[in-house]
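Chains as they are written, first to last, in my numbering: chain Y, 62 to 428; chain C, 241 to 744; chain X, 568 to 686. Glycine is no exception: its CB is placed at the ideal position from the N, C-alpha and C atoms. Each remark here refers to the structure printed beneath this line.
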Amino acid sequence: MTQFFQFPLFIQIALVVIILCLIGLMFTSIGMASTRWLGYKNAQLTEKYEPIFLKLFTQLVFDFHPERTAENAQTIALAEKEYLQSKKVRRLLVGYILHYKTLFSGSVGRRLVSLYKDFDLQRDALSGLKSNRKETLVLALKELLDMQVPVDPLLFTVLKKHKQIQVREMARRCILTLSEQNPFQVFDELNEPLSQWEQLELFKVISEMNYNKIPKFAHWIHDKSDPSLISLCLKLTVYFQQYDSVPILIKMLKTTDVTLRAEVINALGKLHQPECEAAMVKLYDNEVEAVKIEIIKALGRTGSGDYLNLLKSIFDHEPSVLLRKHAAKSIIKHDALGKRVYDVLYKQGQAADRIILDHVANTNIKY
Amino acid sequence: MKETFYSYLVQFYEHSVFIYCIALFTLYALLTGMSRIVINRNKFLNRFRDYNTLLTSPVAAGISVIAPAYNESANIISNVRSLLTFNYPKFEVIVVNDGSTDDTLSLLIEEFALVQTNYTYIPTLSTKPVRTIYRSSKKAYSQLIVVDKENGGCKADAVNAGINAAHHPYFLNTDVDCILDNDTLIKLIQPILEERKTVIAVGASLRISNSCDIDDGMINRIRPPKQLLASFQEIEYTRSFSMGKLGWSGMNAVPNVSGALGLFNKRIAIKAGGYNSGSFAEDMDIIVRMSKYMCDTNQDYAIRYIPQTLCWTEGPTRLKVLVRQRVRWARGLWQLFASHAKIIFNPKYKRLGMVVFPYNLFFELLAPIIETIGIIYYVYIVVTHQINWHFAIILLLFVYCFSVFITVTSILWDQLIFRHYRSWKEVVALAAKSLLEPFLYHPLLLFSAIKGYLFQLFGKKQNWGDMERKGAAKKQIEAEAIPVPGPNYANMEIPVYKKKQIHE
Amino acid sequence: MKTILLIENDLLLLKTMEAILSAKGYRVSLSKDGKEALQQVHDNQFDLVITDLMLPYASGMEIIEKVKEQQPQTPVIIVSSSHSEESIIEGFHIGADDYITKPFTPSELLSRINRLINR
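Laid out in structure tokens, this is it:
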């Protein structure tokens, strides 16, 4: 040891690093071995229990006979006694149930939920709600939500202010899904941007909601809302074809956010209401290309025919090939009215023009 | 006096090199820790996020898959098939036939019932002329577009042509000879959807496919390469991706997204000028230019890596081919610094200027030079009997042990994400080869890097060469060059119109 | 005994549906990817084909086209997670006889199978 301190500093450092590396290598090797071992054990567990679970599901879900009460109860009791004492096996079973729930609905879906509750499989998720680890908390909430297990609504009130963003996201999703009184309070209280993932997930939850619960999404389409919320509400307005939102969307055309303006125009087009055409056309000359494209596309979707000449003019005079292509496509979307204009353009057009016109007329080409 | 000055110089040099090593090792240790955090976060998000939501969403963002192909008749059909079957709701596949002289195009035409189609090709980025655009007459292949163009001499030109033909807001840049996982698109888009800032590029891990069981463009069984040279490349890729790139991703300081697999924001790529045909490292070059654009326009951005291995590529098995590849990469790195010197230590470029470029300069570009000088110095002190053998051995062990430790840890990190290799023996064999890597493989890379720098300095012409893909044997069709009637984009003059005020 | 070709890359669903269909008296051939499916369609005649859309090697659309080419009388049911109008229309356009979205009820699928296989 005294010899160690006699070495120059850099040699001492080097020796320490060597020892740390050797210790690290030892731990790494143990880590690899244990990872492989755990993986092997999990694979063995799955191999062992999959046939048992499949039999269980056949009897209690797919080929379920409610009148065979005694037999069913016996199967459940046996399963609880023989293997569901082990948390690992329970988690494996929950995995199968959750997977099946994504595949089957209706009576099978309901049976899966009953099975989950009959086996008291929610105990692990319920204890997970008390965890300080965000991962455990979030995954527990997700499981309980998927399996329709009631959770104290007060918990969401706390969790929607949690410091971890995924917990807040999950709390919002739970409130939207489970709240009977006012699920859309989450939109009113939103004070941070929604990620695109969360928008997708909220879109899915809302699109599957009972129609009676669906509000007018235009309520949140205004300058004071976060752009991400406006974006989501625009998509929902289109999805539910809330035509009466058009005047509010027209007001939103004044927004200074270019991306948002393009999204508003896109939504207006997909609502197919010709009354918005004039407001959009008024903006055209002073807009950037991305917004011009949306205006042209919207004119094709609303299809009143009032702006066919404008579309023709864009095709004839715009230098941008992309704008010309979209103009030609919107002309075609006017069906019989557009066909006449299309034919004139084709007849008068040069080779490059005809390439664009052939492209848009080709039903095999989506874009 | 002279001797004192000399001894001070020697001491200064030795201590500097030691400090350099410590700095590098500290950085690697930091990256190792950071990559573990990124892996844990990714594993959690994969369990938290329901990919089915994205798969079934009507509002998912579209992705254009761009795959340049040059003389790829061995694998083209099977690999294009695998590109057409991604699990993703909205995508198109654009194969750019970059003037192939074999039957790549005719194989595609026959297999996918392609016909020449009038298609609005917008040459936003300049490339060699596009001859024809093909689409399938069968609805089953409606996502496939084949762009036939004159050879541009490099991948960059072909990718730019693909970008010009692309419709969607994101594009995946890949090589047609790579094998991609079916979930590539759905996994790569995750960081873009997850973050609240603009993610301009996403990468994922690459691995070597040499000994994998491949059947018609699908990998049935993943095995580490048996051949030693390919094994070393597998170790290198594992370390580079599982430790390096993930660690950088955690710090939002990713230096590069691999050209074999990267998802990019198309608008930003175009604003940055697309791929540079003159660069030997076009993948690194575009990342730098896209980052520069974001900094110049004061937009917050991120470049991310995900830990999953989504791409398998055939690694060169011949020394000559490997050296050629690494010489090109070294030249590309040198070129990058020559063309973007203003970025280094420029606070305007935030992490790019203050972290990524300094790291690349000191620990990537200069590392081979410092190491070579070190070896020369080492030989000198041995020959002149100035060496303290005990200290020399300790220092060698210091470098060697750390290298092996980092490599084995990367293999462990990789095992945490995926149990790629079915047998534990395969893992042990790969880890064991890391003991040989510093002696056999590293000197080869060092030699290639120095050769690359010298070639770049003296302006020697780069031979891109043939990567000698063996591929899975596929049918060979003897075909003549197909004449090209119909619209010839190469000769097309896009008429320019005077811009008029558009009135109702 | 009527034969059904079931094409699905979700192995759990494949096994479960095989069990359900076999219990109802159908003889079931399985394919877990597009390549196996194309081979099966090429080599054998089936009374019905049930296919997912997103499959490795060859898409469900390609398989449906192949079935309609080689066995035009064989009805095809698509079982897919895609709910999009576009997918559904494309599926019918390419020749599918029915389209079921996941999650679905096995009894509903069985009655659709029954209707098509016995027409």
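In the DSSP assignment, what residue or residues form a beta bridge with residue i?
{"i": "C:Thr205", "result": "Any answer about residue 205 of chain C is impossible in this case: the structure gives chain C only from 241 up to 744."}
{"i": "C:Met491", "result": "According to DSSP, which records beta bridges pairwise, C:Met491 is partnered with nothing at all."}
{"i": "Y:Pro335", "result": "In the DSSP output, where bridge partners are listed per residue, Y:Pro335 has none listed."}
{"i": "C:Lys389", "result": "C:Asp338 and C:Val370"}
{"i": "X:Arg594", "result": "X:Thr570"}
{"i": "C:Val333", "result": "C:Val305 and C:Leu384"}
{"i": "C:Asp455", "result": "C:Met458"}
Excluding the 5 residues preceding and the 5 following residue i in the sequence, name in chain order all residues of the same chain whose CB lies nearer than 6 Å to its CB.
{"i": "Y:Ala323", "result": "Ala351, Val352 and Glu355"}
{"i": "C:Ala671", "result": "Val648 and Ile651"}
{"i": "C:Phe645", "result": "none"}
{"i": "Y:Gln183", "result": "Val210"}
{"i": "X:Ala625", "result": "Gly601 and Leu605"}
{"i": "Y:Ile392", "result": "Leu372, Gly399, Val402 and Tyr403"}
{"i": "Y:Glu204", "result": "Ala186"}
{"i": "C:Asn413", "result": "Ile306, Val399 and Gly502"}
{"i": "X:Ile684", "result": "Lys569, Asp614 and Leu615"}
{"i": "X:Tyr666", "result": "Ile645, Ile655 and Gly658"}
By the criterion of Cβ-Cβ separation under 7 Å, what are the contact partners of residue i in chain X?
{"i": "Y:Val169", "result": "Thr672 and Pro673"}
{"i": "Y:Phe165", "result": "Pro670, Phe671, Thr672 and Pro673"}
{"i": "C:Asn422", "result": "Pro623"}
Output, in chain order, the set of chain C residues within a Cβ distance shorter than 8 Å of residue i.
{"i": "X:Leu622", "result": "Thr325"}
At 7 Å on the CB atoms, spell out the chain Y contacts of residue i, in chain order.
{"i": "X:Lys591", "result": "Result: empty, since nearest Cβ-Cβ is about 11 Å, beyond 7 Å."}
Note down, in chain order, each residue of its chain lying with its Cβ closer than 8 Å to the Cβ of residue i, except the 5 sequence neighbours on either side.
{"i": "C:Tyr737", "result": "Reliability fails at C:Tyr737, whose pLDDT of 27 lies under 50, so the model's placement of it is uncertain and the value that follows must be treated cautiously. There are no such residues."}
{"i": "C:Met491", "result": "Met274, Arg591 and Val595"}
{"i": "C:Gln716", "result": "Note that C:Gln716 scores a pLDDT of 29, beneath 50, so its modelled location is shaky and nothing firm can be said."}
{"i": "Y:Gln227", "result": "Lys195 and Val199"}
{"i": "Y:Gln334", "result": "Tyr304, Val307 and Thr363"}
Would you mind working out which of the options sits nearest residue i, comparing C-alpha positions?
{"i": "Y:Gln246", "options": "Y:Leu290, Y:Gln209 and Y:Asp284", "result": "Y:Leu290"}
{"i": "C:Ser382", "options": "C:Phe331, C:Ile510, C:Lys368 and C:Asp388", "result": "C:Phe331"}
{"i": "Y:Asp207", "options": "Y:Leu215, Y:His420, Y:Arg171 and Y:Phe68", "result": "Y:Arg171"}
{"i": "X:His609", "options": "X:Gly592, X:Pro623 and X:Ile631", "result": "X:Ile631"}
{"i": "X:Asn576", "options": "X:Asp665, X:Ser647, X:Gly592 and X:Asn611", "result": "X:Ser647"}
{"i": "Y:Phe123", "options": "X:Ile661, X:Gln612, X:Pro639 and X:Leu676", "result": "X:Leu676"}
{"i": "C:Gly392", "options": "C:Arg463, C:Ile277, C:Lys368 and C:Trp574", "result": "C:Lys368"}
{"i": "C:Asn422", "options": "C:Gln565, C:Ser674, C:Arg463 and C:Gln548", "result": "C:Gln548"}
{"i": "Y:Val382", "options": "C:Ile627, C:Ala405 and C:Leu550", "result": "C:Ala405"}
Using a Cβ cut-off of 9 Å, pull out every chain C residue sitting near residue i, in sequence order please.
{"i": "Y:Gly189", "result": "Neighbours of Y:Gly189 on chain C: none; closest Cβ ~13 Å, over 9 Å."}
{"i": "X:Glu632", "result": "Lys378, Lys379 and Ala380"}
Starting from the beta carbon of residue i, find every residue of chain X whose beta carbon is closer than 9 Å, and list them in chain order.
{"i": "C:Arg659", "result": "In chain order: nothing, as chain X lies at least about 17 Å away."}
{"i": "Y:Arg280", "result": "This sequence places His at residue 280 of chain Y; Arg is not what is there. Correct list: empty, because the minimum Cβ distance to chain X is about 26 Å."}
{"i": "Y:His160", "result": "Asp577, Leu579 and Leu580"}
Beta-carbon within less than 7 Å of residue i's beta-carbon, same chain only, minus the 5 sequence neighbours each way: which residues are those?
{"i": "X:Gln607", "result": "Leu572, Ser596 and Ser598"}
{"i": "Y:Glu52", "result": "This structure cannot settle anything about residue 52 of chain Y, because the visible part of chain Y is limited to 62 through 428."}
{"i": "C:Pro587", "result": "Gly593 and Met594"}
{"i": "Y:Leu153", "result": "Leu106, Thr107 and Tyr110"}
{"i": "C:Leu425", "result": "Ile303, Phe326, Tyr328, Phe331 and Leu412"}
Under 7 Å between beta-carbons, which chain C residues line up against residue i? List them in chain order, please.
{"i": "Y:Pro276", "result": "Result: empty, since nearest Cβ-Cβ is about 19 Å, beyond 7 Å."}
Can you pull the chain X residues whose beta carbon is under 8 Å from the beta carbon of residue i, in chain order?
{"i": "Y:Leu115", "result": "Lys582, Thr583 and Ala586"}
{"i": "C:Ser322", "result": "Pro623 and Tyr624"}
With hydrogens ignored, establish whether the beta-carbon of residue i is closer than 7 Å to any heavy atom of the ligand SAM.
{"i": "Y:Ile267", "result": "As presented, the structure is devoid of all ligands, the ligand SAM included, so that no description of it is given."}
- request: Output, in sequence order along the chain, the residues in the region 290–324 of chain Y whose CB is closer than 7 Å to any CB in chain C.
  value: When CB distances to chain C are screened at a threshold of 7 Å, the residues of the region 290–324 of chain Y falling below it are Lys296, in chain order.
Where the region 286–298 of chain C meets chain X: residues whose CB sits under 8 Å from a CB there: Asn292, Leu295, Thr296 and Pro298
Interface residues of the region 580–614 of chain X facing chain C [CB-CB below 9 Å]: Asp600, Gly601 and Lys602
task: Check distances from the C-beta atoms of the region 476–494 of chain C to those of chain Y and list, in chain order, the residues that come in under 7 Å.
output: none
field: Contact set between the region 359–377 of chain C and chain Y, restricted to residues whose Cβ is under 7 Å from the partner
entry: Tyr359, Thr360, Ile362 and Arg375
task: Select from the region 618–640 of chain C all residues with a C-beta closer than 8 Å to any C-beta belonging to chain Y, and list them in chain order.
output: Phe631, Ile634, Leu635, Leu637 and Phe638
- request: Please name the residues in the region 633–649 of chain X whose beta-carbon is closer than 7 Å to at least one beta-carbon of chain C, in chain order.
  value: Ser648 and Ser649
- request: Note down, in chain order, all residues in the region 329–361 of chain C with a beta-carbon under 8 Å from any beta-carbon belonging to chain X.
  value: Pro329
query: Which residues, taken in chain order from the region 434–465 of chain C, show a beta carbon closer than 9 Å to some beta carbon of chain Y?
result: Glu434, Glu435 and Arg436
message: Under 9 Å, CB to CB, which of the residues in the region 263–279 of chain C have a partner in chain Y?
response: Phe265
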